[in-house]
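S.K.:
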Amino acid sequence: MKDEILWKMGDTEEYGFFIKSGSFAFMENKDGSNMSFEEGTFIGEADVFINQTFLTTTVKCLEKGKILKIKFADLAAFFIKYPNIQLFFSKAKYIL
Numbered sequence: 001m002k003d004e005i006l007w008k009m010g011d012t013e014e015y016g017f018f019i020k021s022g023s024f025a026f027m028e029n030k031d032g033s034n035m036s037f038e039e040g041t042f043i044g045e046a047d048v049f050i051n052q053t054f055l056t057t058t059v060k061c062l063e064k065g066k067i068l069k070i071k072f073a074d075l076a077a078f079f080i081k082y083p084n085i086q087l088f089f090s091k092a093k094y095i096l
């Protein structure tokens, strides 16, 4: 839904999100970057996934869309099966 908060800075999260349609963007971000995300983007915070820390961003829906939620536990199992992809994710601050 438009204007819905996908996740909020300071919270914990156990999902990553694949944007099937619509538009989302950082509304709060500790490092000050202002990014938006559209169809075909996978978003999540790498540090939250890897180290189970708190979220450093708030993401809001800008344009009505659809997302697919992927549990971090399922993503971890995928990385075990495909370790080269895990290398890419481990070097990223935000999973995009």
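Residues in the sequence shown are numbered consecutively from 1, following my numbering. Glycine included, C-beta positions come from ideal geometry on N, C-alpha and C.
State the DSSP-derived secondary structure class of Leu75, mapped to helix, strand or coil.
M.R.: Of the three classes helix, strand and coil, the one that applies to Leu75 here is helix, per DSSP.
S.K.: Entirely within the stretch 27 to 83 and at least 3 residues each: give me those beta strand (DSSP E) ranges in chain order.
M.R.: DSSP runs (the beta strand (DSSP E)) wholly in the stretch 27 to 83: 36 to 38, 42 to 45, 57 to 71.
S.K.: So, under 8 Å CB-CB, Leu62 and Asp11 are touching, yes? Tell me the CB distance rounded to an integer number of Å.
M.R.: Contact doesn't hold; Cβ gap of about 20 Å is too wide.
S.K.: Return the chain-ordered list of same chain residues with a C-beta closer than 8 Å to the C-beta of Glu14, the five sequence neighbours on each side being excluded.
M.R.: Closer than 8 Å at the Cβ level, and outside the excluded window around Glu14, lie Lys71, Phe72, Ala73.
S.K.: Of the residues Ser21, Gly40, Phe78, Glu45, which one's Cα is nearest the Cα of Val59?
M.R.: It is Glu45 whose Cα lies nearest to the Cα of Val59.
S.K.: Tell whether a beta-carbon distance below 7 Å holds between Met9 and Thr41.
M.R.: For Met9 and Thr41, no; Cβs fall outside 7 Å.
S.K.: Less than 8 Å between the CB atoms is what I'm expecting for Gly100 and Lys69, so what's the real figure, rounded?
M.R.: Limits of the chain in this structure are 1 at one end and 96 at the other, which puts residue 100 out of reach.
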